[in-house]
Each structure stands twice: as structure tokens, then as C-alpha cells.
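A.B. asks:
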Amino acid sequence: MILGLSSFIRIVSLIVMFLVYNLLLIKVSGQDFQNYHAGSVPLIILFFVALFGISDGGRPLIGYNYTNRHYKRVHSVFWSSLFVTFSYAIISYIIVFFVAKTVLVNLFNFKDPSTTPMVQPIDNADMATSYIRITMLRIVMFSITICGMMLFQGTNDVIRSYISSAIEGSFISYLVFGAVYGLSTVLPKTDNLNIWVYVSGYAISPFITSVVVVILSILFLIRNLNVKNETIERKMNRLDLMQYNFFVNEAKKYNLLTPQQQHELVKLEKEKQELNTNQN
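In C-alpha cells, the structure reads:
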């Protein structure tokens, strides 16, 4: 429940963040860009949701190997998940980059200026496509952040889980939106430069968040999940103990080795390998 609260906090903070972004967007651009934003949301959500599926698949793997002190496997799960999510996000971005205009024209009734004369700005498919190409960068950045969230939730690290989940929606985004909004008020309005600068904040905010989270993740892997410390007993917190008992009960249920038995087996194998190395 405590770890689950971090996801709830993230959702609430992001709802407030998106509300602030939209209010400022209307103030900067009027209704035109708000219409572009409405057209972009279904496309972004379509590809966005799959990232949570990858994270949900990796989290129990991290939790299981963390409980058994198989830190090397935890590292492998984290980096492989990061590779998969980032690759997926890049492929998704490329797809949207090239098909966005077609989708907007055929499904959302935007008008193509190259075929329709006197298109109103609010219906301009070219402008809406440019907007989507910028905001879709958010999924690329979030693909990095979600792996950090997966790591901290899988290892029952409540504090880092809260930080990775809520840092954007409760802190970083407001600094970014405040900065780009301030710039938009002083920049020239030629070619909507001031508006595009503000819109860029939608991609800059998750980029900064991803940098912070990946740094926290790497430091956590190096300091707390060092492979050399696999054989060292660690003090379990209440969440660790609950997770450990769950895996013990599941192992007994299916007549498998418990985490402790697996750990002892690995420890014995390492001792045999060291003994053979010394004899040779």
C-alpha cells in the first residue's frame, strides 16, 4: 500500500501539472494550440500505455531477484528493461512523426493546407503535426523514468519511489513551465515563436526528470545493489519482509526452493568455485 501510494501521488501531481500546462497554453496561444493538444492526446496515450506493461513485467523480476540477493540479475533486468522501453519509445516516435498528419486529417478533421485553400489556424494539420512531434518526445523521456520507478518499487525503496514518481509533477514541471512561459512573454510572436518555446516545455520537463531518475538509479545500483555484496546479509524493512514471506510461501506451495535455500545454494557454489580456483 505504501509503495502503491507513490503511483497515486504521481497521477494526482500529473493531473495538476497538465491542468497548469493547459491553462498557460490557452493564455499564451488562445484556442488554436489547445485544439492541437486535444488532437495529440489520443496518439500519445495509444503508445504511452504500453510502457506501463513493460514496467509491470519487469517489477516482479526485480523484486524476486532482490529478495534472493541476486543483484547481478537485478542489474540485468533494469538495463534490459531500459533498452526495451527506450527502443519502443523511439520506434513509436518515428511512427507518429510520419503518420501524424494523415491521422489528423482523416480521423480528427484537420485540414491539409497543401490541398485545402484558406485553412483556419485552428484546423491547420501542419501546425498540429508539428505540435505532436514536439509533445511526443515526452514518451521518449518517460521511457527512461519509468525504469527507475520500476527499480525502486521492485526493491521496496519507498523514498526513492516517491521521488521518481512525483518529482516532475510536484517540482520540475513548474520550474520548466514558469521559465518557458516567462520567455514566451518577451519573445517575438513572429511565426508563433513565443508559443513554440512554451510548448517545448512539455518535452523539456520529462527530459530533466529522466536525467534525475537515471542518475538516482545508477547510484542505487552501484551503492545499494553492488554485486560484490550479494553474500552479505542485509537488514530487511517491513516491505522487504512481506515480499520475502510471499516468495517463501509461493516456493513451498509449488515445492520449489525458498529464497534462503537458493541463496545458500549460490553461496555454496561460489565457495566451491573459489576452492577449485585456489587448488589450480
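Note that the sequence shown ends on residue 280 in this note's numbering; no numbers are left out. Built from N, CA and C at the ideal position, the CB exists for glycine as well.
1) Does DSSP put Asn249 in a helix, in a strand, or in coil?
2) Given 8 angstroms as the limit, is there contact between the stretch 204–213 and the stretch 164–171, that is, 3 or more CB pairs closer than that?
3) Would you mind sorting Gln279 into buried or exposed? The rule is 16 or more other CB atoms within 10 Å of its CB.
4) Apart from the five residues on each side of it in sequence, which residues of its chain come closer than 6 angstroms, Cβ to Cβ, to Val28?
5) Within this structure, are the beta carbons of Gly148 and Ser217 separated by less than 7 angstroms?
6) Tell me Asn124's beta-bridge partners as DSSP assigns them.
7) For the 8 angstroms Cβ check, are there 3 or more pairs between the stretch 4–17 and the stretch 55–73?
8) Here's the rule: buried if 16 or more other CB atoms are within 10 angstroms of the residue's CB, otherwise exposed. What is Val96?
9) Check for me: the alpha helix (DSSP H) holding Phe52 runs from which residue to which?
10) How do the stretch 114–132 and the stretch 64–75 stand: do at least 3 beta-carbon pairs fall below 8 angstroms, yes or no?
11) Do the CB positions of Val128 and Tyr36 come within less than 7 angstroms of each other?
12) Taking a contact to mean a Cβ-Cβ separation below 7 angstroms, would you say Thr145 touches Val248 in this structure?
13) Can you tell me which of the three DSSP states Leu23 falls into?
C.D. replies: Taking the definition as stated:
1) Asn249 carries a helical assignment under DSSP once its states are collapsed to helix, strand and coil.
2) The stretch 204–213 makes contact with the stretch 164–171; the number of CB pairs closer than 8 angstroms reaches 3 or more.
3) Around the C-beta of Gln279, fewer than 16 other C-beta atoms lie within 10 Å, and the residue is accordingly described as exposed.
4) These residues qualify, in order along the chain: Ser184, Ile195 and Tyr198.
5) Taking 7 angstroms as the cut-off, the beta carbon of Gly148 is found closer than this to the beta carbon of Ser217.
6) Listed as beta-bridge partners of Asn124 by DSSP are Lys111.
7) Too few Cβ pairs lie closer than 8 angstroms, so no.
8) Taking all protein chains shown into account, Val96 has 16 or more neighbouring C-beta atoms within 10 Å of its C-beta and is therefore buried.
9) Counting along the chain, the alpha helix (DSSP H) containing Phe52 begins and ends at Asp32 to Thr67.
10) Segments in contact, no.
11) For the record, residue 128 in the displayed sequence is Ala; it is not Val. For Ala128 and Tyr36, yes; Cβs fall inside 7 angstroms.
12) No, the Cβ-Cβ distance between Thr145 and Val248 is not below 7 angstroms.
13) Reduced to three states, the DSSP call for Leu23 is helix.
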